[in-house]
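Undergrad: Per this note's numbering, the very first residue in the sequence shown carries number 6; after that it's consecutive.
Pasting a structure here, questions to come.
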Amino acid sequence: FGEHVFGCKSCFLDRCCIHQDNIELKENGIKALGDILKLSDKMVILWQQEYFTRLWCTFELATYIRFHGSKQIVLVPLNHVPFVLLMTAFHFVAAAGFNIVAPYLAWSPWFAELVAKCVPPALGQLALMSTVHFVLLFAFYMTTTPFAFEFFRKSIDDRRALEEQLANYTIRACKCYDERDRFFVEAKVLEYFGTLEEFDRQVRQLMRQQMEAVLGRTIMPYTTLLMMEWAHIMFAFAMFVHTPEKNYGHIMIMMCAVVFATDMLAMYVIQLVVSCIHDSPSKWLQKHSWWIGPITLASIFGMFTAVAMCFLYPRLAWTCKAIPLVLMVLITWKIYGVFE
């Protein structure tokens, strides 16, 4: 189906395309690796911590850099896939739960009437509504933050391990199952780059550039974070159902705040907080991080999303919404280096 829609595409996955049991077929497949890499348009590295320690992985990398450079190399840590799926589910659960419960509480006519009577000032009403939104969001976020916290910690470890591997990379430290293969691989690297040291230098420099291009400055790049936001966009329709027509503009600006600003800022703050917890010398904090971490994550997400929900409040002037939204978006783009 994909070939009919997007055109004919083929993928060579060395583990699957090279026979693992038949010795003769395996040798033929290995001998053909260089030609296959020469004809490849793109190289995708499914990175694990062992990747840059494997000699044959080095051979594939050397061959591709020699004939294609590094611009078409995509470096993807394997744990990013479940992380993206988890965070998408994270947003889905929070958005779904909120949109199911909110019409009977935070968005209900009886609650709006109660707030108007008990808290007359506009700012007081906004503060009370934000508190209710925060409590609801915190409860729903807590269903997934224990898993998200562990994935954040694992991603921090992987990012640091990758940076350390690239900084100290040398082909002489790579390992292989059969040491007789080393002569062949190193001979090819010498043929392509002149010296082993020159290849080491290019890997350290070029692959670090690719890492930063794909992963960004933080654990997750801006484009990947946007992919996680589709759950919020999908459930925006529920807001249109439970909101008078005159509030449609407020809903749109609120959704822009969630997708392009507050969620992105929350993810950045969470990465800083998780790093602090992860690196803390406090034995007490490390021992109790299993519950402190998830509660902290849910609080940060709930707080930032509650701020975005303030844009729904109709008594706020449009200038009081547009200016903060633009500033938050610009800060977000600056943090994630969107235009760099």
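The C-beta atom is built at its ideal place from N, Cα and C for all residues, glycine as well.
These figures come from a predicted structure and were not determined experimentally.
For Val264, which residues from the same chain have a beta carbon less than 8 angstroms from its beta carbon, with the 5 sequence-adjacent residues on both sides left out?
TA: Result list for Val264: Leu231, Glu234, His237, Ile238, in chain order.
Undergrad: Decide if the stretch 90–100 is in contact with the stretch 147–164; the criterion is three or more beta carbon pairs, one per stretch, under 8 angstroms apart.
TA: The stretch 90–100 vs the stretch 147–164: in contact.
Undergrad: Just reading off the alpha helix (DSSP H) that Leu220 is part of, what are its end residues?
TA: Run containing Leu220: 201–220, per the alpha helix (DSSP H) assignment.
Undergrad: For Ile328, count neighbouring Cβ atoms within 10 angstroms of its own Cβ and tell me buried if that reaches 16, exposed if not.
TA: Exposed, by the Cβ-count rule.
Undergrad: Per DSSP, which one or two residues make a beta bridge with Arg59?
TA: Arg59 is bridged to Lys180.
Undergrad: In whole angstroms, what separates the C-alpha of Cys261 from that of Tyr146?
TA: Cys261 and Tyr146: Cα-Cα distance of roughly 20 angstroms.
Undergrad: Secondary structure at Pro87, three-state DSSP: helix, strand or coil?
TA: It is helical.
Undergrad: Quick check on the burial criterion: 16 or more other C-beta atoms within 10 angstroms. Buried or exposed for Asp205?
TA: Answer is buried; the Cβ neighbour count reaches 16.
Undergrad: Going by beta carbon distance, what residues of the same chain come within less than 7 angstroms of Thr229, once the five residues before and after it are set aside?
TA: If we look at Thr229 and ignore the five residues flanking it on each side, its Cβ neighbours are Val89.
Undergrad: Which residues does DSSP list as the beta-bridge partners of Trp52?
TA: In DSSP, Trp52 forms a bridge with Pro82.
Undergrad: Tyr253 to Phe143, Cα distance in whole Å?
TA: Straight-line Cα distance between these residues: approximately 25 angstroms.
Undergrad: Where does Phe154 sit, in a helix, a strand or coil, going by DSSP?
TA: If DSSP states are grouped into helix, strand and coil, Phe154 belongs with the helices.
Undergrad: Distance, Cα to Cα, Phe6 vs Glu202?
TA: Confidence at Phe6 is low in this model, with a pLDDT of 45, below 50, so the placement of that residue should be treated as unreliable; the coordinate-derived value is given next. Cα to Cα, Phe6 sits roughly 45 angstroms from Glu202.
Undergrad: Taking the CB atoms as reference points, tell me whether Leu330 and Ala266 lie closer together than 8 angstroms.
TA: Yes; because the gap between Cβ atoms is below 8 angstroms, this pair is in contact.
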